Each structure stands twice: as structure tokens, then as C-alpha cells.
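Notes follow once the structure below has been shown.
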Amino acid sequence: MPRATPVSGSAPGAVAISVAAPAYNEAENIAAVVAEWRAYLEGNPRIADWEIVVCDDGSTDATGAVLAALQEECPRLAVTRFDRNRGAGAAIAAAIARTRLEWVVLLDSDGQFPIANLDRFLDPVLAGKARAFSGARIRKADSLPHRWGSAASGAVSNRLHRTRYRDFNSVFKVVHGPLFRSLRLESGGMNCSTEITARVAELGHTWVEIPIEHRERAAGARGWRFWGGARDRALLVGYLGYRHWLQRRGVLRAEAGDGRDPAVGTTGRACESAVRAGEAR
């Protein structure tokens, strides 16, 4: 892959960052997590501009009320709300579509991915090393069955896509905004991060992996059933691998473009239409 050219629009030595995150029944975590994100973004001199975009995926607890209160004191927090639960994939796609700035950091609202991990990404981002970076968890703070499932699906995904990524399923992503907003994301559940890795690779980009910290949940419960989630991930991995095989054989036409032109923002247009049709902002 040729060396990416440094992106423009930010002050020299600084970058404009959008944080995008889904949230479902995270009333116990969301205030502390948003406060952590905000403190980091406000206090980092290498961040020229920032915003936080959260999609409330039809939460049935007080998540919506907590986010509304946070918006009162933080104008840079944007909240998209679904009128019903549509799944993490839909919420992630909607949050990404709502971002505006040059680079997008994908996080989760459970606090397991500290935003301070971004410190390790800023130098390669500013140097124009790539347009897609992914956090490789040094130690996954999940249960043993979840770690086994992630390792197995990552190994299969790497084989199907002819890649060698250490953490194919990591949620922590730092991607050039126009590229991220151009992705055609289809997954509806918790496996959207796996699809993002595959879709960016389909466009001819190589992910640069950087080691990151992963910590246990501070509160609340994981909204992911193991056996049902494992089944859905296996089906998605198989579907993405089959798509990739068909593209290599020329049966399916590979998507063109590298995401530099905002006009190719298929995901952005589709998600914005869906959000307008069914959300309560």
C-alpha cells in the first residue's frame, strides 16, 4: 500500500477528532464515560477540534435522560436517538454518519476502551501513515468464553481475507472521516466492528494495528448473549468471507474509491435517511 498523504484541515501538529459511540441501557456508565472523553479531548493540545456523537439505541433505562442533561453543559455532544432498539450495528453506523470532523474515533459507551489509548495513535495519524488504524487489545478484559470466541472468529476472518491482524474484532478504531462515512455497513448486532475491519480491507486499505488497553466494565451488564452472539458472528464472518471470495473471482464488483470524496458516503446517506425516519432527537 502506498504511503498515505498527510490530511489537511487541522492546525500543524494537531488533529480534529470526532468520537462516535453507540449506547444501549448505559445509564450507569454513560455520564462518567462522556466526562472522561470530554476531559481528554479538552485537555489534549494536539487535538485542534473535537465533538462527541452518541447514538442512543432505543434505551429503556435512563440513558436518554442522562445524555440530555449532559448536552445542556456540553454543546459539543450530539445525540441521535432511535425510537426502538435496532442493534449495535445500526447505532454505530448512525453515529458515524452524524460525525463532521476529519478523523473519527469509534468507541463503546461501556468504558472498556479508555480514550487515553488515542495517545498512541496521534503520531502516526499526523504523519499520514495510513487512513485506518485499529486498537489491538493487549489483554482482553472479557470472560474466557468471549475471548475464545473472538480469537476463533478473528482467525477465520484473517484466513478468509488473507490478512494477519492480531485483533480483527476490536471496536477501537481511528479512521479518516470521509473513508469511515463512505462505508456500506450492513450488520445489525454487536459484530459491526468485524464488518468494519473487512469493509475497509475490501477497499484496499491496510489497517495499522496499535496495542491498546482494555479494561473491565465499571457497571451494568454486557448486552450480548454468548450463544446467540456466537452464532450471529459465525454467520457474519462467513458472509463477509464469501463476499470477499466472490470479489476476488470477479463475480461481485469490488467497491471503488478510497473514501476521500464525501460524495461516496453511501452509509452516511442511508443512515441519515433512517435516522430522520425513526429517531426522536
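Here the sequence shown is numbered in our numbering, starting from 16 and rising by one per residue. Even for Gly, the Cβ is constructed at its ideal location relative to N, Cα and C. None of these values were measured; they are calculated from a predicted model.
Taking DSSP as the reference, what is the three-state secondary structure of residue i?
i, result
"V69", "strand"
"E270", "coil"
"M16", "Its pLDDT being 40, under 50, M16 is placed unreliably by the model, and the measurement read from it follows with that caveat. Correct three-state label for M16: coil."
"D98", "coil"
"F148", "strand"
"S64", "It should be pointed out that residue 64 corresponds to Asp in this sequence rather than to Ser. D64 falls in the strand class under three-state DSSP."
"A93", "strand"
"D247", "helix"
"H220", "coil"
Buried or exposed for residue i, please, with buried defined as at least 16 other CB atoms from any protein chain shown within 10 angstroms of its CB.
i, result
"I153", "exposed"
"L82", "buried"
"T212", "buried"
"R264", "exposed"
"D71", "buried"
"D182", "buried"
"A108", "buried"
Taking only the alpha-carbon atoms, compute the straight-line gap between residue i and residue j and give it to the nearest angstrom.
i, j, result
"P60", "A29", "7 Å"
"A63", "C89", "17 Å"
"H191", "I67", "16 Å"
"A54", "A38", "19 Å"
"A249", "S168", "7 Å"
"A93", "E41", "16 Å"
"A269", "H259", "9 Å"
"E217", "V171", "16 Å"
"E210", "L200", "7 Å"
"A35", "F128", "13 Å"
"F148", "R177", "18 Å"
"G256", "W222", "17 Å"
"R101", "R91", "25 Å"
"L261", "C207", "21 Å"
"A84", "V189", "28 Å"
If you follow the alpha helix (DSSP H) that residue i is part of, which residue opens it and which one closes it?
i, result
"A106", "103-113"
"E87", "78-88"
"V186", "Run containing V186: none; DSSP gives neither H nor E here."
"S208", "207-217"
"P226", "Note, P226: premise wrong, no alpha helix (DSSP H); beta strand (DSSP E) at 223-227."
"L56", "45-58"
"F136", "134-141"
Comparing the C-beta of residue i with each C-beta of chain B, is any distance below 9 Å?
i, result
"S149", "Although the question refers to chain B, the structure presented lacks it and comprises just one protein chain."
Taking the continuous beta strand (DSSP E) assigned at residue i, which residues delimit it?
i, result
"F195", "Careful: F195 lies outside any beta strand (DSSP E), inside the alpha helix (DSSP H) at 192-197."
"A31", "30-38"
"L121", "118-121"
Note to self: Taking contact to mean 3 or more Cβ pairs, one atom from each stretch, closer than 8 Å, check whether the stretch 117-124 and the stretch 39-53 are in contact.
What the structure shows: The stretch 117-124 vs the stretch 39-53: in contact.
Item checked: the stretch 193-203 in contact with the stretch 98-114 per 3-pair CB rule at 8 Å -> Touching, yes.
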